[in-house]
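Asks:
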Amino acid sequence: MLVYMELSMRAGTAPICPYGQAGCHVPTLADLFDRVIQQSSRMHGISSDLHSQFEQYFLPSKNLIGKRKCHTYGILTPDDKENAQRLGREQLTEVILRLLGAWGDPLSQFYQSMSRDQNQDFNHYSSNKAMEISDMVHELRDGVAKMAEKMKLSGVLDNTVSYVSPESFVPFSTVSYYKRGELNPMDHHDLLHCFRRDSNKVKNYLRILKCTTLPGLDC
Amino acid sequence: MTVCARMRRDLGLALLLLLSAAVESDGMSPPGKPVFLGCRSPEKETFTCWWEPGSGGGLPTTHRLYYEREKLEGTHECPDYHSAGKNSCFFDKDHTSIWVDYYLTVVASNALGNATSGHFKMDVMEIVKPNAPENVTLQVMKREDNPYLHVRWEHPHNTDTKSGWVTIKYELRVKHRNNNEWKEYTSGTQTQFNLYNINPGEMYVVQVRCRLDHGSWSEWSNSTSVKTFNYPQNDKPFWILVSALSTVPFLTAMCILVIKRKYVKKVLLPPVPGPKIRGIDVQLLKRGRSEDVSNALIINQGFPSVPAWKDEIEDYLIVSDDVLLPDPHRKKKSLTVAAGFHLNLEIQCKESLGQRDWEKAEERKNGIDTFPPQLPTQKQLCPNVTFVHAEATDQRWPIHDAAAESTVQLLAPTGYVDIQRHKSMQEEADGNEMDYTRVNDGNILILQKDKFPGCMDVQRQEENIPEDYSRVKEVDGDNKVLLQRQSFSADSSCGEKGTPYTDCTNKKPINPHVPGPSKVELIGSGYVDTIY
Numbered sequence: 000m001l002v003y004m005e006l007s008m009r010a011g012t013a014p015i016c017p018y019g020q021a022g023c024h025v026p027t028l029a030d031l032f033d034r035v036i037q038q039s040s041r042m043h044g045i046s047s048d049l050h051s052q053f054e055q056y057f058l059p060s061k062n063l064i065g066k067r068k069c070h071t072y073g074i075l076t077p078d079d080k081e082n083a084q085r086l087g088r089e090q091l092t093e094v095i096l097r098l099l100g101a102w103g104d105p106l107s108q109f110y111q112s113m114s115r116d117q118n119q120d121f122n123h124y125s126s127n128k129a130m131e132i133s134d135m136v137h138e139l140r141d142g143v144a145k146m147a148e149k150m151k152l153s154g155v156l157d158n159t160v161s162y163v164s165p166e167s168f169v170p171f172s173t174v175s176y177y178k179r180g181e182l183n184p185m186d187h188h189d190l191l192h193c194f195r196r197d198s199n200k201v202k203n204y205l206r207i208l209k210c211t212t213l214p215g216l217d218c
Numbered sequence: 000m001t002v003c004a005r006m007r008r009d010l011g012l013a014l015l016l017l018l019s020a021a022v023e024s025d026g027m028s029p030p031g032k033p034v035f036l037g038c039r040s041p042e043k044e045t046f047t048c049w050w051e052p053g054s055g056g057g058l059p060t061t062h063r064l065y066y067e068r069e070k071l072e073g074t075h076e077c078p079d080y081h082s083a084g085k086n087s088c089f090f091d092k093d094h095t096s097i098w099v100d101y102y103l104t105v106v107a108s109n110a111l112g113n114a115t116s117g118h119f120k121m122d123v124m125e126i127v128k129p130n131a132p133e134n135v136t137l138q139v140m141k142r143e144d145n146p147y148l149h150v151r152w153e154h155p156h157n158t159d160t161k162s163g164w165v166t167i168k169y170e171l172r173v174k175h176r177n178n179n180e181w182k183e184y185t186s187g188t189q190t191q192f193n194l195y196n197i198n199p200g201e202m203y204v205v206q207v208r209c210r211l212d213h214g215s216w217s218e219w220s221n222s223t224s225v226k227t228f229n230y231p232q233n234d235k236p237f238w239i240l241v242s243a244l245s246t247v248p249f250l251t252a253m254c255i256l257v258i259k260r261k262y263v264k265k266v267l268l269p270p271v272p273g274p275k276i277r278g279i280d281v282q283l284l285k286r287g288r289s290e291d292v293s294n295a296l297i298i299n300q301g302f303p304s305v306p307a308w309k310d311e312i313e314d315y316l317i318v319s320d321d322v323l324l325p326d327p328h329r330k331k332k333s334l335t336v337a338a339g340f341h342l343n344l345e346i347q348c349k350e351s352l353g354q355r356d357w358e359k360a361e362e363r364k365n366g367i368d369t370f371p372p373q374l375p376t377q378k379q380l381c382p383n384v385t386f387v388h389a390e391a392t393d394q395r396w397p398i399h400d401a402a403a404e405s406t407v408q409l410l411a412p413t414g415y416v417d418i419q420r421h422k423s424m425q426e427e428a429d430g431n432e433m434d435y436t437r438v439n440d441g442n443i444l445i446l447q448k449d450k451f452p453g454c455m456d457v458q459r460q461e462e463n464i465p466e467d468y469s470r471v472k473e474v475d476g477d478n479k480v481l482l483q484r485q486s487f488s489a490d491s492s493c494g495e496k497g498t499p500y501t502d503c504t505n506k507k508p509i510n511p512h513v514p515g516p517s518k519v520e521l522i523g524s525g526y527v528d529t530i531y
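Right, here's the structure in full:
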């Protein structure tokens with residue numbers, strides 16, 4: 000609840016009263032959607048900034064043949080609009096939750112690794128950003144979970160959505176890859192590339208979810 | 000092999016070489032390596048890639064694009080070479096996947112060979128650039144005194160904004176027709192905008208652009224322009240009438256002012272009264288002529304006007320020892336008092352004498368100050384009265400005030416003044432110690448200049464008495480002065496130091512004793528110089 004309240008404070012709106020106390024403004028589903036979409040958009044923006052910063056310091060790998068694998072490649076995600084729309088609300092929500100859950104630990108490690116590394120000039124700015132996205136991914140996951148609960152309550156969502164532990168969907172080797180300890184700069188770059196992509200997915204999926212659930216002017 | 004065969008072989012080789020050389024000299028070669036120009040997705044659902052062919056090679060060349068994709072097995076060829084124009088490949092929705100890496104290559108081939116471009120890696124998420132917004136319209140909205148510009152546009156027709164797949168953000172920029180400076184505004188997701196800071200009578204040009212999510216900005220739309228209205232015209236005649244009507248009384252008022260300017264001046268700028276000193280006519284002083292000045296400064300209280308000292312022909316007193324010779328016509332030297340300053344002793348006794356008077360007296364460089372003081376009947380009214388020469392500065396005053404011991408007994412005009420000198424005859428540095436007395440028509444004005452602190456040495460005084468001078472004992476009548484007989488040694492005075500006044504030689508620094516009928520020397524010692 001505290002995290003949820005913090006999430007709402009970040010969005011700059013009235014405080015949330017999950018228990019409906021007197022004097023509190025209970026947010027609507029539309030409000031919740033707006034908040035999580037705002038948060039995910041911000042998270043993607045920060046990860047893009049970080050990624051482009053890393054790009055400056057490394058050889059541009061645009062033409063590298065080497066195909067990198069993100070640790071979330073095991074999570075099946077729709078790759079275009081039609082597929083995403085065809086997926087349905089419940090599955091879409093689940094995919095979102097899985098993605099967010101899969102990034103909690105790696106980003107924490109990334110932040111710790113960044114703050115430990117003293118060589119780089121841009122470290123201070125970047126480690127702040129890393130801490131930010133690390134916190135945001137946790138908050139966003141809790142926020143989307145709360146929103147899913149509300150959707151279930153209002154009958155929009157079936158009860159088939161369940162909050163599943165992320166480890167079960169992530170290959171062990173990749174997780175252990177990130178959990179190895181010290182991450183070198185190349186690992187940082189790969190990690191950021193993967194996260195940039197996944198945060199974009201989350202943002203897009205949330206928007207589709209909103210517009211299919213609550214079609215309106217904003218869509 | 001026979002020589003002939005060898006020769007035939009060599010000839011064949013040579014021919015072959017020549018042929019190949021001939022072929023090359025015509026420009027036929029395998030194609031040059033093509034280069035990727037880039038790819039672009041306008042709506043995040045399809046995308047197009049372009050390449051640049053290499054050098055032609057002279058033969059018909061075909062280009063083929065092959066790609067591999069993440070999460071897709073095998074190598075595939077471009078699905079559409081034509082929709083997007085020459086040297087391009089268009090990927091439709093079925094062949095487009097977001098968030099996966101594509102690896103593209105282009106192969107150019109002709110009859111002589113192939114050429115392959117390098118691998119080009121891309122992700123559709125990164126190449127999103129929409130088309131420019133469409134149907135930009137401008138309208139001038141009238142709102143009483145605050146007109147504004149209403150700008151309206153539409154999203155690019157191929158973007159899908161309904162499903163939430165993309166979020167479009169807009170930007171617009173405005174400038175004056177002749178200006179080159181654009182002003183930019185962010186519109187967010189709205190397709191309309193109001194511009195309030197516009198000037199009437201100007202031509203405005205507006206452009207809009209957009210972008211999807213965090214992608215690249217589109218190109219600016221075509222310029223749309225509109226002209227704002229001028230200030231409403233129907234108010235003008237009214238103001239013309241008002242101004243015309245108001246000028247008539249205005250001109251009238253100006254004429255009246257001009258005609259009556261003197262009166263106006265008197266009312267608006269009343270003459271400021273100048274400072275007034277009793278008895279002094281400022282105008283006369285301003286003119287500066289010595290006679291007038293002296294006339295101006297004398298309050299006529301029975302005194303006839305006093306002409307300038309130098310020019311004055313005095314009535315002479317008849318002076319004789321102990322005997323009053325009633326010969327009013329005999330001209331004698333008499334003491335003259337330099338041009339009269341009327342001095343109100345009462346006022347000015349204790350304080351420095353009127354500066355103005357002194358300043359006026361500066362005209363006389365000889366430093367003769369004469370006051371015709373008003374003679375009060377009390378004796379020793381101002382025991383400390385000292386009259387300082389015009390050259391005397393203010394610094395002298397303290398000295399005088401402290402020192403003056405001379406007593407001046409001021410008599411009525413018909414009385415006599417006994418000057419008792421208490422002070423030594425030491426002269427001041429500038430030697431302006433002069434006592435002047437003026438005798439005229441029975442009025443004796445005795446002015447004793449006394450600057451010397453300390454007691455007068457009567458004896459010295461007596462010693463310093465030149466031979467020619469007599470002490471006035473009594474004044475009798477209009478023209479008679481009784482002199483006191485004194486005995487003094489002629490020699491003793493001469494020993495005094497530095498007192499030009501008392502210099503008993505013929506040198507008289509300030510007032511040379513000129514025997515003659517006309518002048519009365521002013522004597523610092525208060526003695527009357529009799530000239531026979």
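Protein sequences appear in the order of chains A and B.
Counting in numbering that gives the first Met the number 0, the first sequence runs from 0 upward without gaps.
Counting in numbering that gives the first Met the number 0, the second sequence runs from 0 upward without gaps.
Just so it is clear, CB atoms sit at the ideal spot from N, CA and C, and this is done for glycine as well.
Under 7 Å Cβ-Cβ, which residues of chain A neighbour residue 162 of chain B?
Replies: By one-based count along the second sequence, residue 162 of chain B stands at place 163. What residue 162 of chain B touches in chain A: 80, 84, 207, 210, 218.
Asks: Do residue 205 of chain B and residue 173 of chain B count as a contact pair if the criterion is CB distance below 8 Å?
Replies: Counting from 1 along the second sequence, the entry for residue 173 of chain B is found at position 174. Counting from 1 along the second sequence, the entry for residue 205 of chain B is found at position 206. In this structure, residue 205 of chain B lies closer than 8 Å to residue 173 of chain B by Cβ.
Asks: Taking a Cβ distance cut-off of 8 Å, strictly less, list which residues of the segment 91 to 111 of chain B are near chain A, in chain order.
Replies: Close to chain A, meaning a Cβ-Cβ distance shorter than 8 Å, are the following residues of the segment 91 to 111 of chain B: 92, 95, 96, 97, 98, 99, 100, 102.
Asks: Answer with buried or exposed for residue 238 of chain B, where buried requires no fewer than 16 other C-beta atoms within 10 angstroms of its C-beta.
Replies: For the purposes of this step, residue 238 of chain B is identified with residue 239 of the second sequence, where counting begins at 1. By the 10 Å Cβ count, residue 238 of chain B comes out exposed.
Asks: Tell me which residues share the same chain as residue 154 of chain B and place their Cβ nearer than 8 Å to its Cβ, disregarding the 5 neighbours each side in the sequence.
Replies: Position 155 of the second sequence, counting from 1, holds the residue named residue 154 of chain B. Here the set comprises 132, 133, 160, 167, 190, 209.
Asks: I need the straight-line Cα distance from residue 104 of chain B to residue 216 of chain B, nearest angstrom please.
Replies: For the purposes of this step, residue 104 of chain B is identified with residue 105 of the second sequence, where counting begins at 1. For the purposes of this step, residue 216 of chain B is identified with residue 217 of the second sequence, where counting begins at 1. Roughly 27 Å between the two C-alpha positions.
Asks: Tell me whether the segment 89 to 106 of chain A and the segment 175 to 186 of chain B touch, counting them as touching only if at least three CB pairs, one residue from each stretch, are closer than 8 Å.
Replies: no
Asks: Which residue wins for smallest C-alpha separation from residue 43 of chain B, given the options A/208, A/199, A/215?
Replies: Working through the second sequence from its first residue, we reach residue 43 of chain B at position 44. Nearest C-alpha to residue 43 of chain B: A/199.
Asks: Give the C-beta separation of residue 78 of chain A and residue 97 of chain B to the nearest angstrom, bearing in mind that I take them to be a contact with Cβ-Cβ under 8 Å.
Replies: Taking the first residue of the first sequence as 1, we reach residue 78 of chain A at position 79. Taking the first residue of the second sequence as 1, we reach residue 97 of chain B at position 98. Sure, about 6 Å apart at Cβ, within 8 Å.
Asks: Hey, would you say the C-beta of residue 274 of chain B is under 7 Å away from at least one heavy atom of the ligand ZN?
Replies: Judged by which ligands are present, the structure shown has none, so any question about the ligand ZN falls away.
Asks: Under the three-state reduction of DSSP, which class applies to residue 42 of chain A: helix, strand or coil?
Replies: Here residue 42 of chain A corresponds to residue number 43 of the first sequence, with the count starting at 1. Three-state DSSP puts residue 42 of chain A in a helix.
Asks: With a 10 Å radius around its C-beta and 16 neighbouring C-beta atoms as the bar for buried, classify residue 206 of chain A as buried or exposed.
Replies: Working through the first sequence from its first residue, we reach residue 206 of chain A at position 207. The residue in question, residue 206 of chain A, is buried, as its Cβ has 16 or more Cβ neighbours within 10 Å.
Asks: Output needed for residue 155 of chain A: all residues of its chain with C-beta closer than 6 Å, excluding positions within five of it in sequence on either side, in chain order.
Replies: Residue mapping note: residue 155 of chain A aligns to position 156 of the first sequence, counting from 1. Cβ within range, chain order: 212.
Asks: Short of 7 Å in beta carbon distance, which residues of its chain neighbour residue 49 of chain B, apart from the five on each side in sequence? Order them along the chain.
Replies: Counting from 1 along the second sequence, the entry for residue 49 of chain B is found at position 50. 36, 37, 86, 87, listed in sequence order.
Asks: Name, please, each residue of chain B whose Cβ falls closer than 8 Å to the Cβ of residue 44 of chain A.
Replies: Numbered from its first residue, the first sequence carries residue 44 of chain A at position 45. By Cβ distance, chain B contributes 213.
Asks: Can you list, in chain order, the residues of its chain with a C-beta nearer than 7 Å to that of residue 137 of chain A? Leave out the 5 residues immediately preceding and following it.
Replies: Here residue 137 of chain A corresponds to residue number 138 of the first sequence, with the count starting at 1. If you ignore the 5 residues before and after residue 137 of chain A, its C-beta comes within less than 7 Å of the C-beta of 103, all in its own chain and listed in chain order.
Asks: Taking contact to mean at least 3 C-beta pairs separated by less than 8 Å, is the segment 106 to 116 of chain B in contact with the segment 53 to 70 of chain B?
Replies: Flag = yes, the segment 106 to 116 of chain B and the segment 53 to 70 of chain B touch.
Asks: Measure from the C-beta of residue 196 of chain A to each C-beta in chain B and report whether the shortest distance is under 8 Å.
Replies: Residue mapping note: residue 196 of chain A aligns to position 197 of the first sequence, counting from 1. Cβ-Cβ to chain B under 8 Å: yes for residue 196 of chain A.
Asks: With burial defined as no fewer than 16 other Cβ atoms inside 10 Å of the residue's Cβ, what is the status of residue 55 of chain A: buried or exposed?
Replies: For the purposes of this step, residue 55 of chain A is taken as the residue at position 56 of the first sequence. Its Cβ having fewer than 16 others within 10 Å, residue 55 of chain A is exposed.
Asks: Mind listing which residues of the segment 31 to 46 of chain B have their C-beta closer than 7 Å to chain A's C-betas, in chain order?
Replies: 44
Asks: Return the CA-CA distance between residue 188 of chain A and residue 51 of chain B, expressed in angstroms with no decimal places.
Replies: Here residue 188 of chain A refers to the residue found at position 189 when the first sequence is read from its first residue. Here residue 51 of chain B refers to the residue found at position 52 when the second sequence is read from its first residue. One C-alpha to the other measures close to 31 Å.
Asks: How big is the Cα-Cα spacing for residue 113 of chain B and residue 41 of chain B?
Replies: As a first step, residue 113 of chain B is located in the second sequence; it is residue number 114 there, counting from the start. As a first step, residue 41 of chain B is located in the second sequence; it is residue number 42 there, counting from the start. So the two alpha carbons sit approximately 32 Å from each other.
Asks: Going by Cα to Cα distance, which pick from B/33, B/6, B/255, B/252 is closest to residue 117 of chain B?
Replies: Counting from one through the second sequence, the residue named residue 117 of chain B turns up at place 118. Comparing Cα-Cα distances from residue 117 of chain B to each of B/33, B/6, B/255, B/252, the minimum goes to B/33.
Asks: Between residue 128 of chain A and chain B, is there a C-beta pair that is closer than 8 Å?
Replies: Residue 128 of chain A sits at position 129 when you count from the first residue of the first sequence. No, residue 128 of chain A does not count as interfacial toward chain B.
Asks: Residue 193 of chain A by DSSP, collapsed to three states: which one?
Replies: Counted from its first residue, the first sequence places residue 193 of chain A at position 194. Correct three-state label for residue 193 of chain A: helix.
Asks: Against chain A, does residue 166 of chain B count as a neighbour if the rule is that its beta carbon must be under 8 Å from one of theirs?
Replies: In the second sequence, counting from the first residue as 1, residue 166 of chain B sits at position 167. Answer yes: the Cβ-Cβ gap between residue 166 of chain B and chain A drops below 8 Å somewhere.
Asks: What is the DSSP secondary structure of residue 156 of chain B, counted as helix, strand or coil?
Replies: Residue numbering aside, residue 156 of chain B sits at position 157 when the second sequence is read from its first letter. The answer is coil: DSSP assigns residue 156 of chain B none of H, G, I, E or B.
Asks: Taking residue 224 of chain A as the query, report the chain B residues whose CB atoms sit under 9 Å from its CB, ordered along the chain.
Replies: Nothing about residue 224 of chain A can be read from this structure; chain A reaches only from 0 to 218.
Asks: In chain order, which alpha helix (DSSP H) runs of at least 4 residues are fully inside the segment 188 to 258 of chain B?
Replies: Counting only unbroken stretches of 4 or more residues, the alpha helix (DSSP H) elements lying wholly within the segment 188 to 258 of chain B are 235 to 258, in sequence order.
Asks: Report the CB separation of residue 46 of chain A from residue 139 of chain A in whole angstroms; it is logged as a contact under 8 Å.
Replies: Reading the first sequence from its first residue, position 47 is the one you call residue 46 of chain A. Reading the first sequence from its first residue, position 140 is the one you call residue 139 of chain A. In fact, because the Cβ distance is near 12 Å, the residues do not count as touching under 8 Å.
Asks: Apply the 10 Å Cβ neighbour rule to residue 14 of chain B and answer buried if 16 or more other Cβ atoms are within range, or exposed otherwise.
Replies: As a working mapping, residue 14 of chain B is identified with position 15 in the second sequence. Its Cβ having fewer than 16 others within 10 Å, residue 14 of chain B is exposed.
Asks: Could you check whether the Cβ of residue 27 of chain B sits closer than 8 Å to any Cβ belonging to chain A?
Replies: Residue 27 of chain B sits at position 28 when you count from the first residue of the second sequence. Residue 27 of chain B does not count as touching chain A.
Asks: Which value, in whole angstroms, describes the spacing of the CA atoms of residue 79 of chain B and residue 186 of chain A?
Replies: In the second sequence, the residue the question calls residue 79 of chain B occupies position 80. In the first sequence, the residue the question calls residue 186 of chain A occupies position 187. It is roughly 38 Å from the alpha-carbon of residue 79 of chain B to the alpha-carbon of residue 186 of chain A.
Asks: At a Cβ threshold of 8 Å, is residue 151 of chain A touching chain B?
Replies: Taking the first residue of the first sequence as position 1, residue 151 of chain A is located at position 152. No - not a single Cβ of chain B is within 8 Å of the one on residue 151 of chain A.
Asks: Looking only at DSSP bridge pairs, what is residue 80 of chain B linked to?
Replies: Numbered from 1 along the second sequence, position 81 holds the residue referred to as residue 80 of chain B. Residue 80 of chain B is not bridged to any residue.
Asks: Per DSSP, what kind of secondary structure is residue 267 of chain B in: helix, strand or coil?
Replies: Sequence index remark: in the second sequence, residue 267 of chain B carries index 268 (1-based). DSSP places residue 267 of chain B in helix when its eight states are reduced to three.
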